[in-house]
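Below: one structure, written as structure tokens.
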């Protein structure tokens, strides 16, 4: 995947202030207070159900917090205009693409929703960037899991957002493609964008990130700069947390 | 302007996908046809009786098959959680509603035009004596059903009992449409002057305008989580 | 007159049946929740004292 | 509302309701003169019509509370909406039960397609749908949002349903509908007003109990969360 353009994007600073999200009796996020500086590359780790997805979906403005506040620069998320969503790109668990349209048609459709001036050209560009050009005319239904995931990334990248929010982006990708995803993310990061990606695989996903956030039961268990051998330390923390939880 | 861009993008996307899979149209047409046949067996009316009851049967058939079609139509947005991508887009939810409404309306109208002759044959009706009026009644009635149906297909897609919730909510709310459209169709079939249906026309138009506006305003809340 | 009285009786009887039934239903539901609340408060107290 | 004020208020409402109901029923059975044309069965009117008014007012509350929820996102508004909707549906049911019982001896048929009663029937179905919807949405906020939308649309539909039924035109003219020059005798009007007051008090009583239930449910959820935290 070639380099993203080198526009130095003035990403907004993201601030969470005592933010909680409840689903009925379940606490998905428990009074999180965090700041994501512009241009950070954060990897969010944690076991299934730790709150990674909820955090990313809240940042993508897909979920309303139950309590607390989310701000982009000084603007509360609840008062942002629809046009602000231009600056966010998100890939979730499901690919959010239409099965019965081709890869290219999907991207052209979303290009129109985002009001991209030359939609067809941009769609072709992004397809090439994600190595999907030769499958452009295949219907999504007929793509393999890995190709679908790449197309979902292409959709999120179509409007060149300042903030990339990726929920387990490496799902379904084979080892070489995963490697290229990491390179691509690193380049997105170098162009000044904020990248926040989640993963449940400690060792694999750590390399390109600058900051590591470990969640457990909706709370922060570890938050600090990336370092070699961090994975071992995090694993130990998780084991301790699990032991305490069982008590 | 951007609202129109979004609405037409959604409309084109829906029509293209429908052209390929024919999900919605098969649902409406097959169900509508089955209903027409069942009504014909159940009632076997004489020509005079047919003119009196055909309006009601026709609209009941349309309404029930519309419920099926609307459910299928929104299933396209929930598959792969495509709705999420729509919610991520910097588009006003009102324009998403309009796009969805237009595609539903178009598909329902086309299906109704195919189903009309079926009812015509079974109930021995002369439907095309005043085609302009017939089309107007069809348009106004179907618009009302589609306006509410588009919103409620999104509502019911969020519940555990999807297929059941839509008719449960939609059918009582569209009683005015049913009443007015049936009255007008009966006038038409009986060969009476359409000026007798002034009140019904006004009611249908009022219903369509009020609920298109209201649903346009409220659609954003349905998409939220 | 006779028929009228019968209908009058049934109308009032059913009216009260519905309302009394609903009030009873409400109090059952409230009671169940009150029990649940009490149990929860107790276990919360235990948890706090540990 | 704290627990003790809540108990005081609900006791006061309960006492007022009982007193008002007793007085209103005394009026209905012992004071008001028997209507000439319809006979003794016309006394059903004094619970039938006020019940319809109460349920209609409660559905109006649903609509207002729904708008309130969408504007403020406070779940208390949603609790008001669901309480009003449920009690309103119960009153609606009594209207639908007493209506035919009254209609049979007077018009000779149980269901005479009176536009008001027909509208009430549709209203009943709409709000049964509203309550069903709430049953099948798990998430509290999601449930509040979706049902607020249904509540607003459902209420907006009522006048249109009424108009649609009015020009169906094969029903007997409403002989007694309160107003429209049907000429209520003064005693009848007083009795009607007392009944209206009494049934509104009953409505308020049931509403407060139902609201209380919803608050308890919220509290249970909060405690469960506190227990996990």
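Chains as they are written, first to last, in the working numbering: chain A, 1 to 247; chain B, 248 to 472; chain C, 473 to 522; chain D, 523 to 751. From the three backbone atoms N, C-alpha and C, an ideal C-beta is built for every residue, glycine too.
Exposed or buried, what is residue i when buried is set at 16 or more other beta-carbons lying within 10 Å of its beta-carbon?
i, result
"residue 194(A)", "buried"
"residue 489(C)", "exposed"
"residue 174(A)", "exposed"
"residue 695(D)", "Caution is warranted here: a pLDDT of 49 is assigned to residue 695(D), below 50, making its placement in the model unreliable, and no coordinate value can be reported."
"residue 529(D)", "exposed"
"residue 447(B)", "buried"
"residue 675(D)", "buried"
"residue 102(A)", "buried"
"residue 229(A)", "exposed"
"residue 160(A)", "buried"
"residue 430(B)", "buried"
"residue 251(B)", "exposed"
"residue 548(D)", "exposed"
"residue 594(D)", "exposed"
"residue 534(D)", "exposed"
"residue 479(C)", "buried"
"residue 570(D)", "buried"
"residue 306(B)", "buried"
"residue 244(A)", "exposed"
"residue 703(D)", "In this predicted model, residue 703(D) has a pLDDT of only 44, less than 50, meaning its place in the structure is not dependable enough to derive any value."
"residue 11(A)", "buried"
"residue 14(A)", "buried"
"residue 189(A)", "buried"
"residue 749(D)", "exposed"
"residue 732(D)", "buried"
For the alpha helix (DSSP H) that contains residue i, what are its first and last residues?
i, result
"residue 361(B)", "340-369"
"residue 321(B)", "294-325"
"residue 261(A)", "There is simply no residue 261(A) to check, as chain A begins at 1 and stops at 247 in what is shown."
"residue 402(B)", "378-404"
"residue 445(B)", "445-470"
"residue 536(D)", "525-548"
"residue 419(B)", "409-420"
"residue 708(D)", "708-750"
"residue 261(B)", "249-268"
"residue 826(D)", "The structure shown does not extend to residue 826(D), since chain D is modelled only from 523 through 751, so no value can be given for it."
"residue 119(A)", "119-129"
"residue 155(A)", "145-157"
Identify the residues that DSSP records as bridge partners of residue i: which are they?
i, result
"residue 75(A)", "72(A)"
"residue 225(A)", "211(A)"
"residue 139(A)", "102(A)"
"residue 248(A)", "As shown, chain A starts at 1 and ends at 247. That puts residue 248(A) outside it, with no answer to give."
"residue 561(D)", "557(D)"
"residue 42(A)", "196(A), 211(A)"
"residue 67(A)", "20(A)"
Looking at the unbroken beta strand (DSSP E) that takes in residue i, where does it start and where does it end?
i, result
"residue 602(D)", "That residue, residue 602(D), is in no beta strand (DSSP E); its alpha helix (DSSP H) goes 597-629."
"residue 216(A)", "211-216"
"residue 34(A)", "26-36"
"residue 17(A)", "14-23"
"residue 166(A)", "163-166"
"residue 196(A)", "194-199"
"residue 89(A)", "88-91"
If residue i sits next to residue j, beta carbons under 8 Å apart, how far is it from one beta carbon to the other, in whole angstroms?
i, j, result
"residue 212(A)", "residue 45(A)", "7 Å"
"residue 158(A)", "residue 116(A)", "7 Å"
"residue 657(D)", "residue 468(B)", "With 8 Å as the limit, residue 657(D) and residue 468(B) do not qualify as a contact, their Cβ atoms being about 19 Å apart."
"residue 98(A)", "residue 260(B)", "7 Å"
"residue 198(A)", "residue 56(A)", "6 Å"
Short of 7 Å Cβ to Cβ, which residues in the segment 251-276 of chain B face chain F? Absent from the structure is chain F; the protein chains it does hold are A, B, C and D.
Got a sec: which bits of the segment 5-39 of chain A sit with their beta carbon under 7 Å from any beta carbon on chain D, in order along the chain? 22, 23, 24, 25, 27, 30
At a Cβ cut of 7 Å, what residues of the segment 627-658 of chain D count as close to chain C, listed as they run along the chain? 627
By the 8 Å beta-carbon criterion, what residues does the segment 44-77 of chain A contribute toward chain D? 64, 66
Check each residue of the segment 483-497 of chain C: if its Cβ is closer than 8 Å to any Cβ of chain D, include it; give the result in chain order. 483, 484, 486, 487, 490, 491, 494, 495
Give the residues from the segment 656-676 of chain D that approach chain B closer than 8 Å (Cβ to any Cβ), ordered along the chain. 658, 659, 660, 661, 663, 664, 667, 668, 670, 671, 672, 674, 675, 676
Please identify, using Cβ separations under 8 Å, the residues of the segment 501-513 of chain C that lie next to chain D, in order along the chain. 501, 502, 505, 506, 508, 509, 512, 513
Residues of the segment 326-358 of chain B in Cβ contact with chain A at a cutoff of 7 Å, in chain order, please. 326, 327, 328, 329, 331, 332, 334, 335, 336, 337, 338, 339
Cβ-based contacts, 8 Å cut-off: residues of the segment 434-465 of chain B near chain D: 446, 447, 450, 453, 454, 457, 458, 461, 462, 465
Please list the residues of the segment 101-129 of chain A that have a C-beta atom closer than 8 Å to any C-beta atom in chain B, keeping them in chain order. 101, 105, 109, 110, 112, 113, 114, 115
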